[in-house]
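Below: the structure, in structure tokens.
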Amino acid sequence: MTDTPMTPHLDRVHSPADLKGMSDGELRHVADELRAETISAVSVTGGHLGAGLGVVELTVALHAVFDTPKDKIIWDVSHQCYPHKILTGRRDRIRTLRQKDGLSGFAKRSESPYDAFGAGHSSTSISAALGFAVARDLGGVTEEGVGDAIAVIGDGSMSAGMAFEAMNNAGHLGKRMIVVLNDNEMSIAEPVGALSSYLSRLYAGAPFQELKAAAKGAVSLLPPPFREGAKRAKDMLKHMTVGGTMFEELGFSYIGPIDGHDMEQLLAVLRTVKARATGPILIHAITKKGKGYAPAEAARDKGHATAKFDVPSGKQHKVPSNAPSYTNVFAEALLDLAAKDQKICAITAAMPDGTGLSKFMERYASRCFDVGIAEQHAVTFAAGLAAGGMKPFCALYSTFLQRGYDQVVHDVAIQRLPVRFAIDRAGLVGADGATHAGSFDVAFLANLPGMVVMAAADEAELVRMVVTAAAHDEGPIAFRFPRGEGVGVEIPTDAEPLEIGKGRMIVEGKKVAILSFGTRLQEVMQAVESLNAKGISPTVADARFAKPLDRELVLKLAADHDALITIEEGAVGGFGSHVAQLLSDEGVFDAGLKFRSMVLPDTFIDHANPRDMYATAGLNAEDIEAKVLEVLGVAAIGKTA
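Per my numbering: the sequence shown ends with 719, consecutive numbering throughout.
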């Protein structure tokens, strides 16, 4: 069992109200102990470590100064909110983070009134904070009340257009609200783009002691004759040495940069902003991701996401893999193709490691583009590359591709541009929960004219689909694959492209046919093995394509069997719906075919390990077996515990 740290000051904090009577020195001790408690908890559960460590002092200061939950702290992305959860009555459950029936790894409104706004994606906090501010001024009523709205947004999240759309609107409306720019020069990967360069210039060589003195001079409660002079001095220093003009042009009063780990400075600034702000304020705080834990500070990603680990050494307890991950298989296949075809290029939105493109970026730097947290731009940028004669692979998580859907429709599909969408994290992803589940991409892509949609059943099929996408120039094409390791099949070295819209037979049987789309095929085969032992021999086919459907295969399965079951790792409206539409159009149901479609249920499934999540969804081998027995009219078998 992991030793828990000694935390005498933190032990006194059962809710943020307990911080109110503490001295500034005691709050400093609370922050130190909160950092140790966060490290200890994440060592047990795994999860996002570095981001939370970077905002420990800020978290304590915000809760000490403001009156939560009436005042709303809105954490952008919210993967940095573990310290916030500890301070807001959830410390006794903090070692259940990201576990089944435990605390979410993100802010979640249904979990606590202190989680004012849920998030798992970036760049939403300023829009939400402005909504709270306007609701407050319009007389909005909530159980906790509506007070100040404070958005805490990282520098990486600031690169997305939505953040600037919100700031532009907030500046126009002039409502009192606070944005804390948590600037650590690090989102998930190194931040990129003009904004990152601008922020770097703001604090490059900034005289922190002078800034600290100026901030305290301008924000402390000086006698009236001295306040104006202090304000002018602070304004002059701000404009001459660090700037802030861009934010002020958007209508925000700019304060900073300040040291986000200096509790004295944070408290002084926050207290004065609370006392005096009349319109939108931006506080620019410089922090260090992974602060206070040497292994995280030394890591390339600053401890962004970790497995369980040993606290003294930082060594992570990763389960050894038996097969390469789907992400790595995709990456290696794309590298092989890029070596032969200089038109192949790749785009990621701040996730070069997560999407497997980091190696591509190292080898073909001129053909790999990290556009920052900007999925809409990523899609249209890829469309422009395609229109310009390149072969772009736009590699995004399924859940993040949702943000670029309008661009997929208007900028890619309508123009029939050959953008290749590599959709990672398809299906249920485990500990990150509903915000990161890849549930909807089949449904929202397969309804687009001219779009080709594929799903790999295993890593060998994934390689074939990468090759197929590279060779497809007639329009957009997408292939999806899950998180985690493959099944250990042999990976082809010279894979040939698949014939568009053609599936494959796996097992010939009788009476009932199972048509699988994606990696549930492995669960299907386990179910078939069990059914065979009961004297039932289903036919199994791998659809490969949701769009265009293999009409010949689908209609043959329907004609040769009494029942047809489709299965997929996606929501209703996807592959099974397209099969049902085909069968309906062809009048197959008129002849009495029994048809069942196994899809994700019409609910958001909470975080757990993937197998438990698929059990909740009813898509594991035992569920497939039960469905076959039910459709054949055989008495249901009891599920094993």
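A virtual CB, placed ideally from N, CA and C, is assigned to each residue, including glycine.
Provide the residue span of the alpha helix (DSSP H) that contains residue i, from first to last.
| i | result |
| --- | --- |
| residue 417 | 404-418 |
| residue 334 | That residue, residue 334, is in no alpha helix (DSSP H); its beta strand (DSSP E) goes 331-337. |
| residue 692 | 688-695 |
| residue 358 | Counting along the chain, residue 358 falls outside any alpha helix (DSSP H), though it belongs to the beta strand (DSSP E) covering 358-364. |
| residue 711 | Taken as a continuous stretch (DSSP letters only), residue 711 belongs to no alpha helix (DSSP H), as it is neither H nor E. |
| residue 677 | Premise fails: residue 677 lies in the beta strand (DSSP E), 672-678, not in any alpha helix (DSSP H). |
| residue 431 | First-last for residue 431: undefined, no H or E at that position. |
| residue 477 | 476-479 |
| residue 459 | 453-465 |
| residue 612 | From DSSP, residue 612 is part of no alpha helix (DSSP H); its letter is neither H nor E. |
| residue 594 | Here residue 594 belongs to no alpha helix (DSSP H); instead the beta strand (DSSP E) covers 590-595. |
| residue 140 | 134-143 |
| residue 341 | 341-354 |
At a threshold of 8 Å, does residue i count as lining the ligand MN (C-beta to nearest heavy atom)?
| i | result |
| --- | --- |
| residue 431 | In terms of ligand content, the structure shown is empty, and the ligand MN therefore cannot be addressed. |
For residue i, which of helix, strand or coil comes out of DSSP?
| i | result |
| --- | --- |
| residue 530 | strand |
| residue 683 | coil |
| residue 282 | Note that residue 282 scores a pLDDT of 49, beneath 50, so its modelled location is shaky and nothing firm can be said. |
| residue 177 | coil |
| residue 315 | Here the model assigns residue 315 a pLDDT of 40, short of 50, so the residue's position is not dependable and the matter cannot be decided. |
| residue 320 | Because residue 320 carries a pLDDT of 45, less than 50, the predicted location of this residue cannot be relied on, and the following value inherits that uncertainty. Note: residue 320 maps to helix in three-state DSSP. |
| residue 371 | coil |
| residue 705 | helix |
| residue 69 | Any question about residue 69 goes unanswered here, given that the chain covers just 79 to 719. |
| residue 204 | helix |
| residue 192 | coil |
| residue 470 | strand |
| residue 553 | coil |
| residue 494 | coil |
| residue 209 | helix |
| residue 561 | coil |
I need the straight-line Cα distance from residue i to residue j, nearest angstrom please.
| i | j | result |
| --- | --- | --- |
| residue 408 | residue 191 | 42 Å |
| residue 486 | residue 435 | 21 Å |
| residue 463 | residue 470 | 6 Å |
| residue 113 | residue 567 | 44 Å |
| residue 623 | residue 660 | 14 Å |
| residue 418 | residue 410 | 13 Å |
| residue 453 | residue 202 | 14 Å |
| residue 626 | residue 596 | 15 Å |
| residue 377 | residue 605 | 43 Å |
| residue 490 | residue 554 | 7 Å |
| residue 302 | residue 331 | Note that residue 302 scores 48 on pLDDT, short of 50, meaning its location in the model is unreliable; the coordinates nonetheless yield the value given after this. Looking at the two C-alpha atoms, the distance is approximately 21 Å. |
| residue 638 | residue 578 | 24 Å |
| residue 421 | residue 444 | 11 Å |
| residue 404 | residue 561 | 7 Å |
| residue 110 | residue 102 | 13 Å |
| residue 432 | residue 472 | 13 Å |
| residue 438 | residue 429 | 12 Å |
| residue 198 | residue 185 | 8 Å |
| residue 582 | residue 427 | 34 Å |
| residue 569 | residue 504 | 20 Å |
Mark residue i as exposed unless 16 or more other C-beta atoms lie within 10 angstroms of its C-beta, in which case mark it buried.
| i | result |
| --- | --- |
| residue 135 | buried |
| residue 667 | exposed |
| residue 519 | buried |
| residue 335 | buried |
| residue 513 | buried |
| residue 396 | exposed |
| residue 216 | exposed |
| residue 398 | exposed |
| residue 221 | exposed |
| residue 552 | exposed |
| residue 681 | exposed |
| residue 146 | buried |
| residue 400 | exposed |
Looking at the secondary structure, which residues open and close the beta strand (DSSP E) in which residue i lies?
| i | result |
| --- | --- |
| residue 112 | Note, residue 112: premise wrong, no beta strand (DSSP E); alpha helix (DSSP H) at 102-123. |
| residue 655 | Where residue 655 is concerned, there is no enclosing beta strand (DSSP E), although the alpha helix (DSSP H) it sits in stretches over 653-663. |
| residue 260 | 255-261 |
| residue 625 | 623-625 |
| residue 183 | It is not in any beta strand (DSSP E) - residue 183 carries neither H nor E in the DSSP assignment. |
Measuring only between beta-carbons, confirm whether residue i sits less than 9 Å from chain C.
| i | result |
| --- | --- |
| residue 560 | No chain C is present in this structure, which holds just one protein chain. |
* Given 8 Å, three or more beta-carbon pairs between the region 477-492 and the region 534-545 -> no
* Taking 8 Å as the threshold, find out whether the region 116-135 comes into contact with the region 379-387 through three or more Cβ pairs. => yes
* Per the contact definition of three or more C-beta pairs closer than 8 Å, is the region 690-700 in contact with the region 587-603? -> With a cut-off of 8 Å, the region 690-700 and the region 587-603 count as touching, because enough Cβ pairs lie within range.
* **Sufficient close CB pairs (3 or more, under 8 Å) joining the region 537-546 to the region 570-581** => yes
* Asked: Do the region 144-162 and the region 225-242 make contact, defined as three or more Cβ pairs closer than 8 Å?
  -> yes
* To do: Assess, as a yes-or-no matter, whether the region 641-649 is touched by the region 136-147 under the definition of 3 or more beta carbon pairs within less than 8 Å.
  => no
* Asked: At a cut of 8 Å, does the region 198-214 reach the region 172-181 through at least three beta carbon pairs?
  -> no
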